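The working numbering puts the first residue of the sequence shown at 315, with every later residue one more than the last. Backbone N, C-alpha and C fix where the C-beta goes; we use that ideal spot for every residue, glycine too. In this text, all values refer to a predicted model and were calculated from it rather than measured experimentally.
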Amino acid sequence: MTQNIMNIFTRIDKLSSAELQTLRGVIATLSS
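What follows is the structure, given as structure tokens:
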């Protein structure tokens, strides 16, 4: 379980800032 969480954080860490901005845009759209 802990290993899965670490893997998720590692993947997030590897995201580029552009991908992060896109992801935030999608989340903002879905949340509104």
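Which residues mark the beginning and the end of the alpha helix (DSSP H) in which residue i is found?
i           : result
residue 320 : 316-328
residue 345 : 331-345
Starting from the C-beta of residue i, find all residues in its chain whose C-beta is less than 8 Å away, skip the five residues before and the five after it, and write them out in chain order.
i           : result
residue 318 : none
residue 337 : 329
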